[in-house]
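Residue numbers (the working numbering): 17 to 631.
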Ligand SMILES: Nc1nc2c(ncn2[C@@H]2O[C@H](COP(=O)(O)OP(=O)(O)OP(=O)(O)O)[C@@H](O)[C@H]2O)c(=O)[nH]1
Ligand SMILES: [Mg+2]
């Protein structure tokens, strides 16, 4: 934390904005440049790219996962900026911060135009009554039609029933990467001053009452090793000071008194202590350890409860359970179901669009999220913290319609692919009940295809899509609506290659078996009976023995063994693993390994249960 006193922040001189957009349209890059040009970085920090993407997973994946608050000063104004993620799975992060801000910078890539998540975030901003500012970003990219992008955004606003006022949005043209914005395309690009001016002139100061009883909603919270839990939100009314007696209003009506320890402001990548936080400002408050998003911090004299934060319901769920594989406890620190439950409960408090339910009386938990990425980020986070657990194949969350009909979630899917791959891709999506709604050439031998598809049809499709487009395709999907159950979608066409016994894989055995299918692991890997070591070329499961060494007495028959090298295996990602498994299979996650296995490891027991299922 940086010790730094700030100038008093009067309501009229505060501006609160969120930055919203489709994934990769340049939000975090723009925040970087805004911080740099307003002198909000400390020495050396300006060289970081996407500096606000500070999470380990955020940096590795190059995406924003959590919304983050920062601020900068410009021309005597204090501008609080909330950076949000653009990936549809983290849409809850956008929804929850909308209440803190008085406008949003809607970024649209000048080359791609509005994309599915542009629609989602615009809808949320308009519904909140905000008047967004359009930032057409990446105008440095060659071949973009900026005017067409502005028209498309206007069409989008109209289709979302925007008011006339909202449709008259101001526009700036920017290159976040090069750090400039211009009011007109003919203007000389200099810096981001035109954007700062627009924020100061166009965004209204927060409409709040400084003299009312203090209230702040916990919009998000984070943990600091020295300070403990930090409740982050916008002060809706009144003033909070360090040392004040405060009251936390729980969602269930409970009240917990506490004393405010510190009041912190955000600046650049840091937090610093404030003497007070007045209505309108976005701050962090410490002093209360056990927090949940949506709770209100208020005063015991005159307590206020702010309305709940509404976010869309999750669409995909998986079962998380304790690791029952023979390898249990080898890598992980936390392996019991009590530990897993405690951790998932903790996650639920801050991860607003995640649901966790105990699965009956068992040691397993139904975890529902907004998509595979939402859940796989959770899995990766837990692994890195030292947890071991297993998960089942993802399923969609269904709803009941009129007359008891089963409804399932559908998504709008937009694909940018090489035109040559169109046939293959449309065919496989057709088998998954995808219906093409628009298709057009976008130049450079590429096409953009829009489809409506059941979420179920997309589960397990992403890795296949990369194969079908030779890694050149871009796929983005966002929840559309619930609709009728589309019908059966074919399972994985391949059976599993199952390890016969506990052993260590050897080159010779893998080499001998390699025409049976594709293996997931190379030689020298310890495996257990019932573990899935590869995919069979045919439909049925087979038990194989990749640990069987060559008998020393065997003569080499043809001398071809060593000439015919082992097919190299690729490391499987979390997403690939959970997309691959069937209902009777599980993925085992430990801090060091990802293993696929049959639910029933014992071969005899498994045969018997399969026979029982078939009858
Ligand atoms: N050419 C060009 N590239 C840009 C511009 N702004 C951002 N980019 C690039 O676009 C990519 C994505 O940038 P980010 O800032 O991470 O995008 P984001 O919107 O924050 O992405 P998410 O948070 O994951 O939704 C990076 O490779 C940036 O360098 C720009 O103005 N011009
Ligand atoms: Mg980002």
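Ideal Cβ positions, reconstructed from N, Cα and C, are used throughout, including at glycine.
- In this chain, residue 594 is not harboured by any beta strand (DSSP E); it is covered by the alpha helix (DSSP H) spanning 590 to 596.
- Where residue 582 is concerned, there is no enclosing alpha helix (DSSP H), because DSSP gives it neither an H nor an E.
- With a threshold of 16 other beta carbon atoms within 10 Å, residue 520 falls short and is exposed.
- Note that the stretch 522 to 539 does not touch the stretch 461 to 475; fewer than 3 beta-carbon pairs, one per stretch, sit closer than 8 Å.
- When the five nearest sequence neighbours on each side are left out, the beta carbons in the same chain lying within less than 6 Å of the beta carbon of residue 108 are those of 327, 368 and 369, in order along the chain.
- With respect to the C-alpha of residue 224, the residue from 118, 170 and 213 having the closest C-alpha is 118.
- By the neighbour-count criterion, in which a residue is buried when 16 or more other Cβ atoms sit within 10 angstroms of its Cβ, residue 589 is exposed.
- Restricting attention to beta strand (DSSP E) runs no shorter than 3 residues, the stretch 434 to 499 encloses them at 451 to 459 and 462 to 470, ordered along the chain.
- With contact defined as three or more Cβ pairs closer than 8 Å, the stretch 456 to 463 and the stretch 381 to 390 are not in contact.
- Annotation for residue 145 indicates a beta carbon at 7 Å or more from all heavy atoms of ligand 1.
- Under the three-state reduction of DSSP, residue 182 is assigned to helix.
- Following the DSSP letters along the chain, one finds residue 138 inside the alpha helix (DSSP H) bounded by residues 132 to 143.
- Take residue 208, set aside five residues on each side of it, and the residues of its chain with a beta-carbon closer than 7 Å to its own are 49, 50, 53, 195, 196 and 197, in chain order.
- Every unbroken stretch of the beta strand (DSSP E) spanning 3 or more residues and falling wholly within the stretch 177 to 233 is given here in chain order: 187 to 191, 196 to 198 and 231 to 233.
- Distance from residue 151 to residue 166 at the Cβ level is roughly 11 Å; contact not present, criterion being Cβ atoms closer than 8 Å.
- Scanning the stretch 85 to 116 for uninterrupted alpha helix (DSSP H) segments of 4 residues or longer gives 107 to 113, listed from N- to C-terminal end.
- Rounded to the nearest angstrom, the gap between the Cα atoms of residue 315 and residue 43 is 36 Å.
- Under a 10 Å Cβ-count criterion, residue 34 is classified as buried, with 16 or more other Cβ atoms of the shown protein chains found around its own Cβ.
- A heavy atom of ligand 2 is found nearer than 7 Å to the CB of residue 43.
- In this structure, the straight-line span from the alpha carbon of residue 601 to that of residue 158 is close to 48 Å.
- Taken through DSSP and simplified to helix, strand or coil, residue 265 comes out as strand.
- Using a cutoff of 7 Å, the CB of residue 374 does not count as near ligand 1, since none of the ligand's heavy atoms is closer than that.
- Runs of the beta strand (DSSP E) lying entirely within the stretch 593 to 629, each at least 3 residues long, are 601 to 605 and 610 to 614 in chain order.
- A distance below 8 Å separates the beta carbons of residue 101 and residue 83.
- For residue 131, the number of other beta carbons within 10 angstroms of its own is at least 16, and it is reported as buried.
- Per the DSSP secondary-structure output, residue 543 pairs in a beta bridge with 519.
- For ligand 2, a non-hydrogen atom lies closer than 7 Å to the CB of residue 80.
- Relative to ligand 1, residue 191 has its C-beta within less than 7 Å of a heavy atom.
- According to the DSSP assignment, residue 82 belongs to no beta strand (DSSP E), since it is labelled neither H nor E.
- Remark: C-beta atoms of residue 423 and residue 499 approach each other more closely than 8 Å.
- When distances are taken from the beta-carbon of residue 187 to the heavy atoms of ligand 1, even the shortest one reaches 7 Å or more.
- Spanning the alpha carbons of residue 299 and residue 280 requires a straight line of approximately 6 Å.
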